[in-house]
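Below is one structure, written out as structure tokens; the observations come after it.
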Amino acid sequence: MTELGPEAQYRAFLAEGRFMIQKSRGSGAYVFYPRVAEPVTGARDLEWVAPSGAGTVYATTINRQRPEKGGDYNIAMIELEEGPRIMSKVTGMAPEEVKVGLRVAAYVGELDGAPAVLFQKAEDAA
Amino acid sequence: MNHALRGKAACVGVALTGMGEAPGRSAIDLMANAVLDALEDAGIPLADVDGVFAANAVHAMASMSLSEHLGIVPVISDNSNIGGSSFMQHALLAATALEAGLINVAVIAYGSTQRSAGGFRAVSEPLPYETQFKPRNPITSYALAASHYLDRFGVTREQMAQVPVAARAWANLNPQAFMYDKGPLTIEDVVAARMISDPLGKLDCCLVTDGGAAIVMTRADRAKDTRHSPVHLLGAGVAHNHRMISAMPDFAVTSAAISGARAYEMAGLTAADMDSVQLYDAFSINTLLFLEDLGFCEKGEAVRFIANGHIAPGGGLPVNTNGGGLSCVHPGMYGLFVMIEAISQIRATLDGAPQPRDEGGWVPDTKIALAHGNGGVLSAQVTTIWCAPETV
Numbered sequence: 325m326t327e328l329g330p331e332a333q334y335r336a337f338l339a340e341g342r343f344m345i346q347k348s349r350g351s352g353a354y355v356f357y358p359r360v361a362e363p364v365t366g367a368r369d370l371e372w373v374a375p376s377g378a379g380t381v382y383a384t385t386i387n388r389q390r391p392e393k394g395g396d397y398n399i400a401m402i403e404l405e406e407g408p409r410i411m412s413k414v415t416g417m418a419p420e421e422v423k424v425g426l427r428v429a430a431y432v433g434e435l436d437g438a439p440a441v442l443f444q445k446a447e448d449a450a
Numbered sequence: 038m039n040h041a042l043r044g045k046a047a048c049v050g051v052a053l054t055g056m057g058e059a060p061g062r063s064a065i066d067l068m069a070n071a072v073l074d075a076l077e078d079a080g081i082p083l084a085d086v087d088g089v090f091a092a093n094a095v096h097a098m099a100s101m102s103l104s105e106h107l108g109i110v111p112v113i114s115d116n117s118n119i120g121g122s123s124f125m126q127h128a129l130l131a132a133t134a135l136e137a138g139l140i141n142v143a144v145i146a147y148g149s150t151q152r153s154a155g156g157f158r159a160v161s162e163p164l165p166y167e168t169q170f171k172p173r174n175p176i177t178s179y180a181l182a183a184s185h186y187l188d189r190f191g192v193t194r195e196q197m198a199q200v201p202v203a204a205r206a207w208a209n210l211n212p213q214a215f216m217y218d219k220g221p222l223t224i225e226d227v228v229a230a231r232m233i234s235d236p237l238g239k240l241d242c243c244l245v246t247d248g249g250a251a252i253v254m255t256r257a258d259r260a261k262d263t264r265h266s267p268v269h270l271l272g273a274g275v276a277h278n279h280r281m282i283s284a285m286p287d288f289a290v291t292s293a294a295i296s297g298a299r300a301y302e303m304a305g306l307t308a309a310d311m312d313s314v315q316l317y318d319a320f321s322i323n324t325l326l327f328l329e330d331l332g333f334c335e336k337g338e339a340v341r342f343i344a345n346g347h348i349a350p351g352g353g354l355p356v357n358t359n360g361g362g363l364s365c366v367h368p369g370m371y372g373l374f375v376m377i378e379a380i381s382q383i384r385a386t387l388d389g390a391p392q393p394r395d396e397g398g399w400v401p402d403t404k405i406a407l408a409h410g411n412g413g414v415l416s417a418q419v420t421t422i423w424c425a426p427e428t429v
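Just so you know, the sequences run in chain order C and L.
Count along the first sequence starting at 1, add 324, and that's the number in my numbering.
Count along the second sequence starting at 1, add 37, and that's the number in my numbering.
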């Protein structure tokens, strides 16, 4: 079987409903987005691990759009408990309610028919 | 000890063309005309050009297209594209090639007709881990950075609105500015404008215009024979940390902190030495971040620093004196216009007003000016410092 590159492997996990990130065996540092090596050190010792899914809204915006085009929607930058940040959106609440500092939890959902890492308010996830 | 490149190259010609709207013309028309105008300004024949630097959003190989159009067979042909700050890096590369003796006359050019062609044209490929969430880049990325910054430092949209208000006040003095005759702005105007991507409203965002620009650079020895006073490149520094906003190390600190330190080191100067400061203001948040990262004030303090019109006409520090990307011109990649404003302010001191401006538009005694470029999504930061010959 062909070994997949980091992006293809990430998407293969996602298609199975799993959100996986990378971790350097040497430094113990977590890496997202998926890469061939740990940035800065260049260490090619990255292994796949499941993050806790816990995160915090680091930045958030509302892309304003006319209702007939689909209306306003949230885009958020989530800082994972493990350190790296990921662009996503917070679902299950109005875009105006998504605030910097909000505790969120990851889940694998669907966006336009493709699997996506999405987030919801941490207290709703339990 | 002086850096080997410090002050060795100079800008001897500048040109702006098709500012605002250039219907019926193409990007190559604007680039080629700007180059010829800048050479005329310098008093250097086209045949002497041996270094060609160019970038835009429509030509994949801009320096090749431009050279073909003008019949130049360059010794150095460079399209390096790091977004809107490409041209500041071109200046550093041109100075390097000039000092090495590889070339004698460099031109740096840009042209865009995005406004006449129907609107903003992104230079970006889809970003693999972001596109799915439908960011409307570049604005979404800048809005994310702004949301983080405002929250972290307790800054309000009203305070940030001082940036576009000051930019407009400068534009109101500059007949070449797109918003010259559109009247002043108030804080209320900025805050009440249609929201595009929170916390950035329409007036927090740069213009979408056409525009072409070019500069000519030579070694300082040749610069003595040109038509106008040379404006020397005293220092330049490049830095970038990320391509995607999700990879930006700290949303409140740009790589300008690094590029600025590199440029100051080459120049042997600090922020306090700058008579005039031109910052790539694609969005209102840029000016705040760059004033801090380039050492004009402490982190998180920019809105207090710019209060009471400090960066507006008549204030303590002239910033974005052409009106900036917010109110003068922004054809997509604005960096060359930033650099030309810094150079022009110095030339106005040395040779008299290069273009008509209303009273106060040319800042008296400007001899050292900083031109800072920004590319991508707060990504590629390139700082240049220009000066009158006496400072070298």
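Heads up, the beta-carbon is just placed ideally off N, CA and C, and yes, glycines get one too.
All values derive from a computational prediction rather than experimental measurement.
Contact between residue 149/L and residue 70/L does not hold, since the beta-carbon distance rounds to 13 angstroms and is not under 8 angstroms. If you draw a straight line from the Cα of residue 422/L to the Cα of residue 369/C, it comes to about 42 angstroms. Per DSSP, reduced to three states, the secondary structure at residue 401/L is coil, with no helix or strand assignment.
The C-alpha of residue 425/L lies about 33 angstroms from the C-alpha of residue 102/L. Within chain C, the C-beta atoms nearer than 9 angstroms to that of residue 181/L come from 382, 383, 384, 385, 399, 400, 401 and 411, in chain order. Straight across, the Cα-Cα distance linking residue 312/L with residue 72/L is about 28 angstroms.
Taking one beta carbon from each stretch, the region 253-271 of chain L and the region 394-407 of chain C have fewer than 3 pairs nearer than 8 angstroms; the two do not touch. Under a criterion of Cβ atoms nearer than 8 angstroms, the residues of chain L adjacent to residue 435/C are, in order, 169 and 170. About 7 angstroms separates the beta carbon of residue 342/C from that of residue 374/C, a gap short enough to meet the 8 angstroms contact definition. Using a Cβ distance threshold of 7 angstroms, residue 398/C and residue 422/C count as a contacting pair.
As the crow flies, the alpha-carbon of residue 431/C is around 15 angstroms from that of residue 437/C. Per DSSP, the unbroken alpha helix (DSSP H) holding residue 70/L starts and ends at 64-79. A distance below 7 angstroms between beta-carbons, with the five flanking residues on each side excluded, links residue 330/L to the following residues of its chain, in chain order: 290, 291, 293, 294 and 297. Considering only beta carbons, the part of the region 354-372 of chain C lying closer than 9 angstroms to chain L consists of 356, 357, 358 and 363, in chain order. Interface residue (Cβ-Cβ distance to chain L less than 7 angstroms): residue 388/C is classified as such.
Between the alpha carbons of residue 229/L and residue 131/L lies a distance of about 44 angstroms. Residue 356/L sits in a strand when the DSSP states are folded into three classes. For the set 425/C, 439/C, 445/C and 442/C, the Cα lying nearest the Cα of residue 184/L is the one of 425/C. With respect to the C-alpha of residue 178/L, the residue from 208/L, 188/L, 235/L and 206/L having the closest C-alpha is 235/L.
Distance check between residue 440/C and each of 352/C, 329/C, 337/C and 330/C places 337/C closest, using alpha-carbon atoms only. Scanning 314/L, 47/L, 408/L and 365/L for the CA closest to the CA of residue 217/L turns up 365/L. Within the same chain, 399 come within 7 angstroms of residue 390/L by CB-CB distance, once the 5 residues on both sides are set aside. In the DSSP assignment, no residue is bridged to residue 221/L. For residue 319/L, there is no enclosing alpha helix (DSSP H), as DSSP gives it neither H nor E. Secondary structure note for residue 384/C: it is in no alpha helix (DSSP H), and the uninterrupted beta strand (DSSP E) holding it is 378-387. The C-beta distance from residue 47/L to residue 306/L rounds to 17 angstroms, too long to fall under 8 angstroms, and the pair is not in contact. With respect to the 7 angstroms criterion, residue 403/L and residue 383/L are classified as neighbours on the basis of their beta carbons. Residue environment for residue 127/L: buried (at least 16 other C-beta atoms within 10 angstroms of its C-beta).
Among the CB atoms of chain L, none fall inside 7 angstroms of the CB of residue 332/C. In the DSSP assignment, no residue is bridged to residue 324/L. Residue 157/L does not reach chain C, its nearest Cβ partner there being about 15 angstroms away, counting only Cβ pairs nearer than 9 angstroms.
Around residue 374/L, the same chain offers 250 and 366 as residues with beta carbons nearer than 6 angstroms, after the five sequence neighbours per side are excluded. In its chain, beyond the 5 residues on either side, 204 and 318 have a beta carbon closer than 6 angstroms to the beta carbon of residue 361/L. Residue 324/L and residue 352/C have their C-alpha atoms spaced approximately 37 angstroms apart. By the neighbour-count criterion, in which 16 or more other beta carbons inside 10 Å mark a residue as buried, residue 362/C falls on the buried side.
Within the model, the alpha-carbon separation for residue 433/C versus residue 442/C is close to 6 angstroms.
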